[in-house]
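Each remark here refers to the structure printed beneath this line.
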């Protein structure tokens, strides 16, 4: 553009009206001598961020002088370059400016060192002027200012002045800065400027004013505020305080060579340290492409080259020179024969060297640092999982020429937002973009033919187009994508693979080609808004239709949980409706089953609550019994005449041999009579049936078949049944004439109490799982097995009574029964099985009888309200986690020193000891005393302690007072206080036996006894002898034993006065030789009188049990030996 044209189009001066009159302030104010004509003048390079060439001043001028002449007079004509003359056609091209600051953001610098002017930095740069905030449309030499005008010369870099508020097109929005410029000029032109700026408040306001001037688009309010604050500071100078001016800034480093990516922290020092000026340091870079700097002085090398970092404070500047070079990244990449084998770097952004032609498996796998990667076009192949789980990666490209994106290339790159796929790619490998949750869109290449399994599984895709070139879409390819609205499948597609669009919860319409004849399992599973599948180029009256009229293979769960679909068109050649195909399609109301249908698999129409009728064609061979479970509107299932496998009776589906298959849940009949010939009691779900009559032909039931009939009140069995019996409306199995197992208790049977029939040995699963009225259940002693869930979560039973005689509560017998609040256990119970009462969440207390020896694992776990446990068994074994997750304040009650006390303390639970007493048995023989703890005054001690032994003594009995035999222990008593029974002994013991020959072929045996005279008074002593055959096994001799021979010990054989004992014999003689083999036994007896005068008898039995003449003398008897 020619200079003269520029000078005509754009004026380069501006003038501010003077709002503050020129006058000298009182002491310490601006001191100027008023003259006839003054103009406010400055030269600004704010657009470059470099402040002023000439700060605002007051310039006197002669009337008739023009702006060009004023400019020359201020700057000096030698310091400006122009064309034309000062009086005509003046065009300012440049002016002297020694500022050497390098500026960031421009592709070039100044064309002439030390000067600033046109074409510096940009091709649109130059000088403009405005007068009183207006850019005149004439050059400076043609504009004559008036007294008080504000003339601002400004450097523009772009838009021919648009960047400073002038020029053409869209201009910067600039405020009127005339008053602010004038206020600054008043201070700058004052003869006492330095004195003024020695005051603290004036310095603060002066700095702020200059800062606001430097902001091109400062708001008018900011400009006005800065003006007011500066004028007020000057006006209030007398109350101001002296400042400590800032005099300089230095850096701790002046230069440094750096590697790209490296950082260095610069530290600035302000002089003086106690300055009252603003100490804020402003940091700038001369070239951000080479180095950047943050507001704390942290420098980061960004690219190769040299640039400067500037630190500004209080009008001063410090400079740091940085020279950067690229890091040698060759060590980051391990490359062998063009194959990238390993990456060792730590950079966030990487460019793979162009020497690489192939990338090996998993080179960058699990790298958490990389954010961006650039792959050169030299790469023609990649291994699997190259970038898998690079969770910080946001951007990547596939090189041109690549044909296949391999398996799991970007799997798990959860931050990936952008990827470029070239036109050369024809195959997207298995899971290539799986779990790329931030990837919302991608453009697929036009030559793409294959999308393998799980390619976009759980990605963020919400919109894309599948090219018509695609012939294969793999299983779960788009599972969990956020696809919304409508998608169209390619025209050559034949199969929609398993799970291909499952969990695309926003998908509404799918357009498929007529070539699609197979839809694999779960293809559209959990697409809750999918209402329409339409064949391309086919017209429809009803837009909301699932048209499968070309599909001959429809696999399992295809439309599982699709709640929006209403109408389905099926191909008449479709042979099978697979399991769960229309599971939970709650809006489905119109479907006609194909004429060629042969089977309907499990739960095909589960919870299809709007289907009312189904008609099976004569070709149907197999129908699962649960295909219409929870189809609550279904009233009839009809069977076409001629079907060889099924029949219907009043809309109820039976097999040809009479077995019930499906009783429609929406059927309203109150009585169901099963047809004779039916052998299995099939499950029925119906909310209307009150009575069921079972045929005599029925032979088998699996659990409770009628638990889902909430209004059922009674069950009857036809006469002649050998397998079932109904008693009072409750169904049992039979074993002969005896009931065996409880099968079904009708849910709505009247009555709150029920006792299971005596003789019943078990309860089937779910037998009482859905009772409504029943509150109390009594279990007979004959019951051996309780099926899991016999009393289930939906039962109304609150009380369980277990009859005496049952010894075991089976594992899980009452688990998960939240209604049970009370359980009464009999004294016969010995064990409580694992999980027996697990999750009985309403159970608040339980009493464990003393007969219980063990409580199984988690027996009472998750009984959240259980807070009181009374255990009368002292040594019960407690299983693992038995009382876990019960009430936080659960309290255990039991005997002191019992295992339940140990359990409570070990688990930091509350324990309260029963009010009990201790009965102790002291054997007085060095052994530890035996203790029995029983409830005070309530519990009978039914116990016989074992007789103790003491060498040389005979045990007499247990006595509270051993001097009074009337205090002897007796079993079956209660106690109100602690008692100790002490063993009483008699110092008497029976010795061995002797055999002697007697004349005339007879012999005799004598038994010796040793007795001490150190106890109670001896009234009589002697020996009792009898053939052992006269006694029962284990029976001992007493004075009352029939036929016993008594020998009173009146003659002592030995008397030992030192040790105070005597020995004596009891003798039996005249035993004929024929009886020498006969076993004889004996016992010594002593009749004592205790200290209180009571008599008692002590017996000491022959220690060897029995003996005979032959035992004592042998078989060779010497008849010449006599006693």
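In the UniProt record's numbering, the protein residues as written are 1 to 1123.
All residues carry an ideal CB built from backbone N, CA and C; glycine is no exception.
The structure displayed is predicted, hence computed values, not measured ones.
Three-state secondary structure (DSSP) of residue 50: Within the chain shown, the letter at position 50 stands for residue 50. Looking at residue 50 - three-state DSSP - the assignment turns out to be coil, as it is neither helix nor strand.
Going by DSSP in three states, residue 25 sits in which element: helix, strand or coil? The residue given as residue 25 occupies position 25 in the chain shown. Residue confidence is low: residue 25 scores 34 on pLDDT, short of 50, so the model does not pin down where it sits. Its coordinate-derived value is still stated next. The answer is coil: DSSP assigns residue 25 none of H, G, I, E or B.
Quick one: is the Cβ of residue 501 within less than 7 Å of any heavy atom of the ligand ATP? Judged by which ligands are present, the structure shown has none, so any question about the ligand ATP falls away.
Can you tell me whether residue 1029 is helix, strand or coil according to DSSP? On the chain shown, residue 1029 is found 1029 positions in, with the first residue counted as 1. The answer is helix: DSSP assigns residue 1029 an H, G or I state.
From residue 319 to residue 271, what distance separates their C-alpha atoms? Walking along the chain shown from the start, residue 319 turns up at place 319. Walking along the chain shown from the start, residue 271 turns up at place 271. Between residue 319 and residue 271, the C-alpha separation is close to 16 Å.
Three-state secondary structure (DSSP) at residue 331? Translated into the one-based positions of the chain shown, residue 331 becomes position 331. DSSP places residue 331 in helix when its eight states are reduced to three.
Residue 33 by DSSP, collapsed to three states: which one? What you label residue 33 is simply residue 33 of the chain shown in a count that begins at 1. Because the pLDDT at residue 33 is just 48, under 50, the model does not fix this residue reliably, and the value given afterwards should be weighed accordingly. Looking at residue 33 - three-state DSSP - the assignment turns out to be coil, as it is neither helix nor strand.
In this structure, does DSSP put residue 175 in helix, strand or coil? Translated into the one-based positions of the chain shown, residue 175 becomes position 175. The answer is coil: DSSP assigns residue 175 none of H, G, I, E or B.
Nearest to residue 1059 by CA position, among 1096, 1105, 1093 and 1012, is which residue? Your numbering for residue 1059 matches position 1059 in the chain shown. If we check each option's Cα against that of residue 1059, 1012 comes out closest.
Helix, strand or coil for residue 2, going by three-state DSSP, please let me know. Locating residue 2 in the chain shown gives position 2, where the first residue counts as 1. Reliability fails at residue 2, whose pLDDT of 30 lies under 50, so the model's placement of it is uncertain and the value that follows must be treated cautiously. Residue 2: coil per DSSP, three-state reduction.
Would you give the residue range spanned by the beta strand (DSSP E) that residue 744 belongs to? If you number the chain shown from 1, residue 744 lands on position 744. Counting along the chain, the beta strand (DSSP E) containing residue 744 begins and ends at 738–744.
Reference residue 1031; option with closest CA among 1021, 1022, 925 and 1042: In the chain shown, residue 1031 corresponds to position 1031, counting from 1. Closest by alpha carbon: 1042.
Inter-residue Cα distance where the pair is residue 995 and residue 1112: Counting from one through the chain shown, the residue named residue 995 turns up at place 995. Counting from one through the chain shown, the residue named residue 1112 turns up at place 1112. Distance between the alpha carbons of residue 995 and residue 1112 is about 5 Å.
Residue 386 beta carbon less than 8 Å from that of residue 403: Residue mapping note: residue 403 aligns to position 403 of the chain shown, counting from 1. Residue mapping note: residue 386 aligns to position 386 of the chain shown, counting from 1. No, the pair does not count as a contact, with Cβ atoms beyond the cut-off.
Rounded to whole angstroms, what is the Cα-Cα separation between residue 201 and residue 219? Residue 201 sits at position 201 when you count from the first residue of the chain shown. Residue 219 sits at position 219 when you count from the first residue of the chain shown. For residue 201 and residue 219, the distance between alpha carbons rounds to 23 Å.
Would you kindly report the start and end of the unbroken alpha helix (DSSP H) that includes residue 674? Here residue 674 corresponds to residue number 674 of the chain shown, with the count starting at 1. That residue, residue 674, is in no alpha helix (DSSP H); it is neither H nor E in DSSP.
Residue interval of the beta strand (DSSP E) (run including residue 527): Residue mapping note: residue 527 aligns to position 527 of the chain shown, counting from 1. Here residue 527 belongs to no beta strand (DSSP E), and DSSP marks it neither H nor E.
Nearest CA to the CA of residue 970: which residue from 977, 978 and 960? Here residue 970 corresponds to residue number 970 of the chain shown, with the count starting at 1. Measuring from the Cα of residue 970, the nearest candidate turns out to be 960.
Can you give me the C-alpha to C-alpha distance between residue 943 and residue 912, rounded to a whole angstrom? Indexing the chain shown from 1 puts residue 943 at position 943. Indexing the chain shown from 1 puts residue 912 at position 912. Cα to Cα, the separation comes out at about 25 Å.
6 Å CB neighbourhood of residue 691 in its chain, flanking five on each side removed: What you label residue 691 is simply residue 691 of the chain shown in a count that begins at 1. Answer for residue 691: 671 and 714, listed in chain order.
In whole angstroms, what separates the C-alpha of residue 818 from that of residue 859? For the purposes of this step, residue 818 is taken as residue 818 along the chain shown, with counting starting at 1. For the purposes of this step, residue 859 is taken as residue 859 along the chain shown, with counting starting at 1. Distance between the alpha carbons of residue 818 and residue 859 is about 14 Å.
How far does the alpha helix (DSSP H) with residue 258 in it extend, from its first residue to its last? Working through the chain shown from its first residue, we reach residue 258 at position 258. First-last for residue 258: 255–259, but that is the beta strand (DSSP E), not the alpha helix (DSSP H).
Roughly how many whole angstroms lie between the Cα atoms of residue 601 and residue 627? Translated into positions along the chain shown, residue 601 becomes position 601. Translated into positions along the chain shown, residue 627 becomes position 627. Those two C-alpha atoms are separated by around 7 Å.
Measure the C-alpha to C-alpha separation of residue 256 and residue 263 and round it to an integer number of angstroms. If you number the chain shown from 1, residue 256 lands on position 256. If you number the chain shown from 1, residue 263 lands on position 263. Each residue's Cα considered, the two are about 11 Å apart.
For residue 214 and residue 42, what's the separation of their Cα atoms in angstroms? Start at 1 with the first residue of the chain shown, and residue 214 comes out as number 214. Start at 1 with the first residue of the chain shown, and residue 42 comes out as number 42. When rounded, the distance between both Cα atoms is 12 Å.
Whether residue 941 touches residue 919 by CB criterion (8 Å): The count along the chain shown starts at 1 and reaches residue 941 at position 941. The count along the chain shown starts at 1 and reaches residue 919 at position 919. Taking 8 Å as the Cβ cut-off, residue 941 and residue 919 qualify as a contacting pair.
Roughly how many whole angstroms lie between the Cα atoms of residue 81 and residue 96? Position 81 of the chain shown holds residue 81. Position 96 of the chain shown holds residue 96. Taking the straight line joining both Cα atoms gives about 9 Å.
Roughly how many whole angstroms lie between the Cα atoms of residue 1004 and residue 991? Sequence index remark: in the chain shown, residue 1004 carries index 1004 (1-based). Sequence index remark: in the chain shown, residue 991 carries index 991 (1-based). One C-alpha to the other measures close to 17 Å.
Does the distance from the C-beta atom of residue 574 to that of residue 546 stay below 8 Å? For the purposes of this step, residue 574 is taken as the residue at position 574 of the chain shown. For the purposes of this step, residue 546 is taken as the residue at position 546 of the chain shown. Cβ atoms of residue 574 and residue 546: not closer than 8 Å.
Reference residue 377, options 364, 421, 346 and 370, closest by Cα: Here residue 377 refers to the residue found at position 377 when the chain shown is read from its first residue. With distances taken between Cα atoms, residue 377 lies closest to 421.
Are there 16 or more other CB atoms within 10 angstroms of the CB of residue 895, so buried, or fewer, so exposed? Translated into the one-based positions of the chain shown, residue 895 becomes position 895. Under this definition residue 895 is a buried residue.
For the alpha helix (DSSP H) containing residue 905, name the first residue and the last one. Numbered from its first residue, the chain shown carries residue 905 at position 905. Note, residue 905: alpha helix (DSSP H), 899–906.
Using 8 Å as the threshold, is the C-beta distance between residue 352 and residue 370 below it? On the chain shown, position 352 is the one that residue 352 refers to. On the chain shown, position 370 is the one that residue 370 refers to. Result no, Cβ atoms of residue 352 and residue 370 do not sit closer than 8 Å.
How many angstroms separate the CA atom of residue 1045 from the CA atom of residue 1066? Residue mapping note: residue 1045 aligns to position 1045 of the chain shown, counting from 1. Residue mapping note: residue 1066 aligns to position 1066 of the chain shown, counting from 1. One C-alpha to the other measures close to 10 Å.
Rounded separation between residue 1073 and residue 1026 - CA only: As a first step, residue 1073 must be located in the chain shown, where it is residue number 1073. As a first step, residue 1026 must be located in the chain shown, where it is residue number 1026. In a straight line, the C-alpha of residue 1073 is about 17 Å away from that of residue 1026.
Relative to the alpha-carbon of residue 998, which residue among 1034, 178, 935 and 1076 has its alpha-carbon at the smallest distance? Translated into the one-based positions of the chain shown, residue 998 becomes position 998. Among 1034, 178, 935 and 1076, the Cα nearest to that of residue 998 belongs to 1076.
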